[in-house]
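Peer 1: Per my numbering, the very first residue in the sequence shown carries number 62; after that it's consecutive. Backbone N, C-alpha and C fix where the C-beta goes; we use that ideal spot for every residue, glycine too.
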Amino acid sequence: MKRFAFLTLLVLASLALAACGGAQATPAPGDVSQPCPTCAVAAPPACPTPAPVSLTDLGGRTVTVAVENAYVPFNYVDEATGDFVGWDYEVVPEICQRLNCVAEFKQAAWEGIFPAMNAGEFDMLADGVTRLYERELIVEFSIPYVTIGQVLLIRADYEIAELEAFKADPKVLVGTQIGTTNELVAMENFPRDRIQSFEEFPGAVLALISGDVDAVVIDNVSAIGYVGTNPGKLKVGPQLTSDEHLAFAFPPGSDLVLPVNSALRAMQEDGTLQVLNDKWFKPK
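1) Do proline 134 and leucine 213 have their beta-carbon atoms positioned less than 7 angstroms apart in this structure?
2) With DSSP as the reference, identify every bridge partner of serine 258, one or two as the case may be.
3) Would you mind working out which of Pro252, Val288, Glu249 sits nearest valine 266, comparing C-alpha positions?
4) Check the C-beta distance from glutamate 129 over to alanine 169 and give it rounded, since I have them as a contact under 8 angstroms.
5) Determine contact between the stretch 214-221 and the stretch 303-313, defined as no fewer than three beta-carbon pairs at a distance below 8 angstroms.
6) Determine the DSSP secondary structure at glutamate 172, reduced to helix, strand or coil.
7) In the structure shown, what three-state DSSP assignment does alanine 226 receive?
8) I'd like the span of the alpha helix (DSSP H) that includes aspartate 149, first residue to last.
9) Grab me the residues of serine 203's own chain with a C-beta within less than 7 angstroms of its C-beta, minus the 5 sequence neighbours each way, in chain order.
10) Count the other C-beta atoms from every protein chain shown that fall within 10 angstroms of the C-beta of alanine 276, then say buried if there are 16 or more, exposed otherwise.
11) Going straight from the alpha carbon of glutamate 197 to that of glutamine 158, what length do you get?
12) Can you tell me where the alpha helix (DSSP H) holding aspartate 339 begins and where it ends?
13) If you reduce the DSSP assignment to three classes, tell me which class proline 299 lands in.
14) With distances taken from CA atoms, which of Val336, Asp144, Tyr137 is nearest glycine 189?
15) Check whether the Cβ atoms of valine 126 and valine 146 lie closer than 7 angstroms to each other.
16) From the DSSP output, in three-state form, read off isoleucine 209 for me.
17) Can you say whether alanine 131 is buried or exposed, counting buried as having 16 or more other CB atoms within 10 angstroms of its CB?
18) Consult DSSP for isoleucine 279 and reduce its assignment to one of helix, strand or coil.
19) What's the C-alpha gap between threonine 14 and proline 313?
20) Can you tell me whether leucine 317 is helix, strand or coil according to DSSP?
21) Applying the 10 Å Cβ sphere with the 16-neighbour rule, what's the burial state of alanine 103?
22) Name, in chain order, the residues that DSSP records as bridge partners for valine 48.
23) Using a Cβ-Cβ cut-off of 7 angstroms (strictly less than) and excluding sequence neighbours within five positions of glycine 240, which residues of its own chain qualify?
24) In terms of alpha-carbon separation, which member of Gly143, Asn281, Gly264, Asp280 lies closest to aspartate 273?
25) Would you call the CB atoms of phenylalanine 311 and glutamate 165 closer than 7 angstroms?
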């Protein structure tokens, strides 16, 4: 088998030389002992070299960015204006301004969003995605742009303050979003018959405000966002996890990963990222 592989390599090498100019021109018919004085030998074709992707200039290309438009404070509808607003709608255009690209946001349901990303339906996924090993098997990630933890979001008048009290009370029901790390954390802390998973977080938060559930397992930055958009109704409860890294996701082999990382690092260095994180992630 080794001999066969070596001969195969020799054949492939000779073909490559012929394609890229390594082979000699075939002599014209006649006296092969003398060169043909009237035969013009064409220059061999050069092997094309793929153009490298610039880390700073994407040439004005359009980048499709998947968002839910239902995930405070990353992307949601401003009830006063009807506009789409949030961290994603400020940070991604800032990245594109630095990379000479145009961000085109496309709404997508969370459930099934990773297979869609894997299939290349979007160029980039925003939406406050947690970097997980299981996800890294099917998509690529940027460097993290913020580190968060998960908490219980509760009603402002709720008296239970300790996590163990929430766990011990069999009447306490918790909501979360299906298919998220929040749902996994909810299952780690509460029996499944006390967990209600919603398609989107706004549904879970509305259920909390109306009293259908007693808490919502959610990222701390999102909890702060919902407290701000529902003044006097909600508060941040006990902490469940910490040190989770959020990042942008890309289809496998995407040429956008390195440029986006370059822009994020520049935004970290000049303070722009911290300013935007403070604007959207800190309590108002």
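Peer 2: Looking at the coordinates:
1) By 1-based counting over the sequence shown, the position of residue 213 is 152. By 1-based counting over the sequence shown, the position of residue 134 is 73. For leucine 213 and proline 134, no; Cβs fall outside 7 angstroms.
2) The sequence position of residue 258 within the sequence shown is 197, counting from 1. For serine 258, which the question treats as bridged, DSSP gives the partners Thr237.
3) Counted from its first residue, the sequence shown places residue 266 at position 205. Among Pro252, Val288, Glu249, the Cα nearest to that of valine 266 belongs to Val288.
4) Along the sequence shown, one-based indexing puts residue 129 at 68. Along the sequence shown, one-based indexing puts residue 169 at 108. About 7 angstroms separates the two Cβ atoms, so the contact holds.
5) no
6) By one-based count along the sequence shown, residue 172 stands at place 111. It is coil, neither helix nor strand.
7) Counting from 1 along the sequence shown, the entry for residue 226 is found at position 165. Alanine 226 falls in the helix class under three-state DSSP.
8) Position 88 of the sequence shown, counted from the first residue, corresponds to residue 149. 148-160 is the span of the alpha helix (DSSP H), which, as asked, contains aspartate 149.
9) The residue labelled residue 203 in the question sits at position 142 within the sequence shown. The answer, listed in chain order, is Ala308, Phe309, Val318, Val321, Asn322, Leu325.
10) If you number the sequence shown from 1, residue 276 lands on position 215. Using a 10 angstroms sphere on the CB of alanine 276, the tally of other CB atoms reaches 16 or more, which defines it as buried.
11) If you number the sequence shown from 1, residue 197 lands on position 136. If you number the sequence shown from 1, residue 158 lands on position 97. When rounded, the distance between both Cα atoms is 27 angstroms.
12) Start at 1 with the first residue of the sequence shown, and residue 339 comes out as number 278. Unbroken alpha helix (DSSP H) run through aspartate 339: 333-342.
13) Here the question's residue 299 lines up with position 238 in the sequence shown. Proline 299: strand per DSSP, three-state reduction.
14) Counting from 1 along the sequence shown, the entry for residue 189 is found at position 128. Ranking Val336, Asp144, Tyr137 by CA distance to the CA of glycine 189 puts Tyr137 first.
15) As a working mapping, residue 126 is identified with position 65 in the sequence shown. As a working mapping, residue 146 is identified with position 85 in the sequence shown. No, these two residues do not count as a Cβ contact at 7 angstroms.
16) Numbered from its first residue, the sequence shown carries residue 209 at position 148. In this structure, isoleucine 209 counts as strand in the three-state DSSP scheme.
17) For the purposes of this step, residue 131 is taken as residue 70 along the sequence shown, with counting starting at 1. Alanine 131 comes out buried.
18) Here residue 279 refers to the residue found at position 218 of the sequence shown. The answer is strand: DSSP assigns isoleucine 279 an E or B state.
19) Residue 14 cannot be examined here, being either before or after the span of the chain that is shown, 62 to 345.
20) Here residue 317 refers to the residue found at position 256 when the sequence shown is read from its first residue. Correct three-state label for leucine 317: coil.
21) Taking the sequence shown and counting its residues from 1, one reaches residue 103 at position 42. Because the pLDDT of alanine 103 is 43, which lies under 50, any placement of that residue in the model is unreliable, and the number read from its coordinates should be weighed accordingly. Exposed is the call here.
22) The chain is shown only over 62 to 345; residue 48 falls outside these bounds and no answer can be derived.
23) On the sequence shown, position 179 is the one that residue 240 refers to. So the qualifying residues of the chain are Trp171, Glu172.
24) The residue labelled residue 273 in the question sits at position 212 within the sequence shown. Selected option, being the one with the closest Cα: Gly264.
25) Counted from its first residue, the sequence shown places residue 311 at position 250. Counted from its first residue, the sequence shown places residue 165 at position 104. Taking 7 angstroms as the cut-off, the Cβ atoms of phenylalanine 311 and glutamate 165 do not count as close.
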